[in-house]
Amino acid sequence: MKRTILLFGLLLSGFTFSQNALNFDGTDDYVETSYTGVAGAAPRTMEAWINTSTTNASAHYIMDYGYFGAGSFDNGKRFTMLLNAAHQLRLEIRGWGIDATTPLNDGNWHHVAVIYDGSTVSLVVDGIEEANGTPSITVNTTLTTNLLIGSRTDYEPTKLFEGSIDEVKFWNYARTTLHMFYFKDYELCNTPNGLSAYFKMNQGTADMDNTGITSLTEEISANDGTFYNLALNGTSSNFVAGAPVTSNFTASQTITECNGGSVTVGTNTYNATGVYTDVFTSVINGCDSTVTTDLTILDPITSSQVITECDGGSVTVGNNTYSTTGVYTDVLTSIATGCDSTVTTDLTILAPITSSQTLNECNGFTITVGSNTYSATGTYTDVLTSIATGCDSTVTTDLTINAPDATTSLAGTTISANTAGATYTWIDCDNNNAAINGETAQDFTPTQNGNYAVVVNDGNCSDTSACVNIATVGLDDYDSNEIALYPNPFTNLLNIQVNDSQSFDLKITNLIGQIVFTSDKLVGNQVIHFDHFNSGNYIVEIKFANSIIRKQVIKQ
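Printed below as a string of structure tokens:
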């Protein structure tokens, strides 16, 4: 096979470098060129790279030419690219203007372009059109003042450009937004049709003494520019590091061909394995491009495959289809290389499979079969894809769940497991569920307030009860005839009977210590409304001058 490679078909990587730009101090720097510009209402395109971080809220002129004039009869005679006071791209045609939207004073390089097609203006920033419109006056650019860079034709010092300008191009036709998008990043090495002025700004050495340079080079017709007031020495008002544009290209390609094949790159043809280098003139920007070709010439190859398919499955190799177990040989064009290849297929056809599992597990156990999860006693059937073969497989699961009763009862401060005849381990919920030494009976009476639970083991499975809050251990008993809380449990109203003439403070907390109700200096019986409380256990604390009573109540 013979293959011819065009440059556009290669993996291109441009050599991006910071060539020079020209920096303007915004005080008195500008360049007057010998380029007259495009006259009248003829189409044109102005483009440049700019970099500025100025916060000066006035216009900053990038390029200008034509006749300044101050009267309405001079409308349309000047054509100006600038940044407005908001630092957005703007085009002024004497008597009319249009603005883009993005502020460009962020200290980064931006590509800006103005396109006029004879009737409509487009403003393009970084390859994207931000504004377009039709001038309301007649465009009639008068070639009175040549193209200025960094200044307006009337040289207004407060509106000189402050920052760096690079890659100034002036075209004598209306390029498109797509031109800007795809070609803005390239420095040109040739002279494309329609490019009438081009200032690369690549002279001198960035930030060094360039005072020996007397003019700014124009690449097309020697319409060079004259420096006005530039120091040409130091890090400003001088040549500085420029926009990150691409000049020369490098391209590489890795090609594999069958025996007898060849590759043609430009005027050279290669038919043996090797690495080859060719130099072209780039079709994109006219710069030299280096193409490296890594060529491998292959001999015919062989391959084998071992395939297992489900019953009813088949394998197609080339034009042949196989559906029974066997070893088959085919000669075909390699999918990988395009060369002749011998393929051996070792095919096994499987029958559907079934499996079963019997599980006897404790409460809380779950098993997932395919996309289904089971946690209750039962027999379940699932048809799923076999993990081992990828074929349909029927799985039967016989699941038995065993669960001891782990509920408890509370009498005073004694907690009792409701399941008899089991083994018990009482744990401290407030101490990372640590087992309480020696507490293995069915009943447990804490010696201090806290939260407690029991692990119940019936000999096969174990389960842990909910934690029970004990808050009344160690409190001084108070005459039960003096204090009564009823009903308990209750729904919405809790009666507090106090047969004592002393005043007391009342506080109600939930089991995690949050205060849900408080009232001070109460006397006698009280009725507490619990309508807005959640159901659960609460601690009622009644504090007299010399004693505190805490009782637990339950809101249903």
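Residues are numbered in this note's numbering as their position in the sequence shown, beginning at 1, plus a constant of 785.
Heads up, the beta-carbon is just placed ideally off N, CA and C, and yes, glycines get one too.
Shown here, residue 974 sits in coil according to DSSP, grouped into three states, outside any helix or strand. With a cut-off of 8 Å on Cβ pairs, the region 858-873 is not in contact with the region 968-982, counting fewer than three such pairs. Non-local beta-carbon contacts of residue 832 in its own chain, meaning distances under 6 Å to residues more than five positions away in sequence, involve 898, 954 in chain order. With a cut-off of 8 Å on Cβ pairs, the region 1026-1033 is not in contact with the region 1049-1066, counting fewer than three such pairs.
For residue 1109, there is no enclosing beta strand (DSSP E), as DSSP marks it with neither H nor E. Residue burial annotation: residue 977 is exposed, with fewer than 16 other C-beta atoms found within 10 angstroms of its C-beta.
In this model, residue 846 and residue 877 are separated by some 10 Å (Cα to Cα). With a cutoff of 9 Å on beta-carbon distance, residue 1112 and residue 1130 are scored as near each other. Going by beta carbons, residue 1018 and residue 821 fall outside the 9 Å limit.
Residue pairing by DSSP puts residue 809 in a beta bridge opposite 948. Taken in chain order, the complete beta strand (DSSP E) segments of 3 or more residues contained in the region 1297-1336 are 1300-1307, 1311-1314, 1321-1328.
Secondary structure at residue 848: strand, using DSSP grouped into helix, strand and coil. In the DSSP assignment, the residues bridged to residue 1042 are 1082.
In the assembly as shown, residue 1010 is a buried residue. Its beta-carbon has 16 or more other beta-carbons within 10 Å.
In the three-state scheme derived from DSSP, where H, G and I count as helix and E and B as strand, residue 821 is classed as coil. Non-local beta-carbon contacts of residue 1326 in its own chain, meaning distances under 6 Å to residues more than five positions away in sequence, involve 1292, 1335 in chain order.
Looking at the DSSP output, residue 1340 sits in a beta bridge with 1275, 1321. Within the DSSP secondary-structure output, residue 1120 pairs in no beta bridge. Between residue 947 and residue 837 the beta-carbon gap is near 6 Å, inside 8 Å, which marks them as a contact. Under the three-state reduction of DSSP, residue 896 is assigned to strand. Three or more beta-carbon pairs drawn from the region 1168-1187 and the region 1141-1149 are found closer than 8 Å, and the two stretches are therefore classed as touching. Partner residues in the beta bridge of residue 1194, as assigned by DSSP, are 1201. Between the region 1235-1250 and the region 1305-1315, the count of Cβ pairs shorter than 8 Å is below three; the stretches do not touch. In this model, residue 1337 and residue 1233 are separated by some 15 Å (Cα to Cα). By the Cβ rule, the region 927-935 counts as touching the region 848-856, because three or more pairs are nearer than 8 Å. In the assembly as shown, residue 1216 is an exposed residue. Its beta-carbon has fewer than 16 other beta-carbons within 10 Å. With 16 or more other CB atoms across the displayed protein chains lying within 10 angstroms of its CB, residue 1255 is buried. Spatial neighbours of residue 991 in its own chain (CB-CB distance under 7 Å, excluding positions within 5 residues in sequence) are listed in chain order as 805, 1024, 1025, 1026. In this structure, the beta-carbon distance from residue 1201 to residue 1208 does not fall below 9 Å. Residue pairing by DSSP places residue 967 opposite no residue, since no beta bridge is assigned to it. Less than 9 Å divides the Cβ of residue 1341 from the Cβ of residue 1275. Per DSSP, the continuous beta strand (DSSP E) segment holding residue 1131 begins and ends at 1125-1135. In its chain, beyond the 5 residues on either side, 1235, 1236, 1237, 1238, 1252 have a beta carbon closer than 8 Å to the beta carbon of residue 1214. With the rule of 3 Cβ pairs closer than 8 Å, the region 913-929 does not count as touching the region 807-817.
Under DSSP, residue 1005 shares a beta bridge with no residue.
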